[in-house]
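A short worksheet on the structure shown next.
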Amino acid sequence: GTLILGFMVLDKRHRREKEVMARQQEAKLNEKNTELQSMAERTGAEISRLNNEKLEAEIRHKNKELATSTMHLMNKNAFISGVKGNLSSLSKKSSNQAVVKELNKLVRDIDKNLADNDDWEHFQFHFDEVHGDFSQRIKERYTGLTAQEMRLCAYLRLNLNTKEIAQLLNISVRGVEISRYRLRKKLELDRNDNLQEFILGF
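In terms of my numbering, the numbers along the sequence shown are unbroken and rise by one, the last being 446.
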């Protein structure tokens, strides 16, 4: 009887030890899981931060390229317009008809160069990279917009002032104001609606 009792005590103690060990193992596993979860969260946050930094760097780079492209267009157009003005002035002063004819031809060539689409396409590439599908969306919603009005929309989206837009479109400041008025009508804006704000929020 004493032997059986001894076995029972040993068995109970053994089971208790196994239970304690099992609980300890479970606690260690839980601790490890918590540690791994915390590590995964930290890694996820770090990846997210790096992705955001990369995205911000790309946006800054694209904005810089767009600004450079815009300044290039403005400087080029301002220079060419200046040359055109000088040639027109010389043409009016000259009494030699052959010279006048040649100068007028040069003025027409300059106008053709200013209307060239290559610079615009280069600009639009950088614009679309920064502003996504803005051009596509506004073109689809307002199908009656002309190429000139689409350019005006893009320059308004860049928050350019009337003088800067005039240089880029190769028209007078008054011409830009008239274009803005016509654009407002096509976009069906009310008198109190701000065109610039509408374009920026579109």
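Glycine is no exception: its CB is placed at the ideal position from the N, C-alpha and C atoms.
- Membership of Ile443 in the alpha helix (DSSP H) is indicated by the continuous run 439-445.
- Exclusion of the five residues before and after Ser313 leaves His366, Phe367, His370 as the residues of its chain whose Cβ lies within less than 7 angstroms of its Cβ.
- As the crow flies, the alpha-carbon of Asn277 is around 20 angstroms from that of Glu290.
- The shortest CA-to-CA distance from Glu441 to any of Lys345, Leu404, Ser292, Leu347 is the one to Leu404.
- For Glu373 and Gln268, the gap between their C-alpha atoms comes out near 57 angstroms.
- Per DSSP, Gly388 is not a residue of any alpha helix (DSSP H), being assigned neither H nor E.
- Within its own chain, the residues whose Cβ lies closer than 7 angstroms to the Cβ of Glu408, once the five positions on either side in sequence are excluded, are Met318, listed in chain order.
- DSSP, reduced to helix, strand and coil, places Asp434 outside both helices and strands of the structure shown, so it counts as coil.
- Taking the Cα of Asp355 as reference, the smallest distance to any Cα among Met265, Leu280, Ala322, Ile248 is reached at Ala322.
- Straight-line spacing of the CA atoms in Glu421 and Arg304 works out to 31 angstroms.
- Separation of Glu309 and Ser325 (C-alpha to C-alpha, rounded to the nearest whole angstrom) is 24 angstroms.
- According to the DSSP assignment, Ile409 belongs to the alpha helix (DSSP H) that extends over 406-413.
- Burial check for Ala391: the Cβ neighbour count within 10 Å stays below 16, so the residue is exposed.
- Contact check for His375 and Arg401: beta-carbon distance about 6 angstroms, within the 8 angstroms limit, so the pair qualifies.
- Inclusion of Tyr386 and Leu431 in the CB contact set at 8 angstroms is warranted, their separation being smaller than that value.
- Straight-line measurement puts the Cα of Ala410 at about 8 angstroms from the Cα of Gly419.
- Within the same chain, Cβ atoms closer than 6 angstroms to the Cβ of Ser338 are found at Val344, the five residues on either side in sequence being excluded.
- The beta carbon of Leu334 is closer than 7 angstroms to those of Leu347 in its chain, skipping five residues each way along the sequence.
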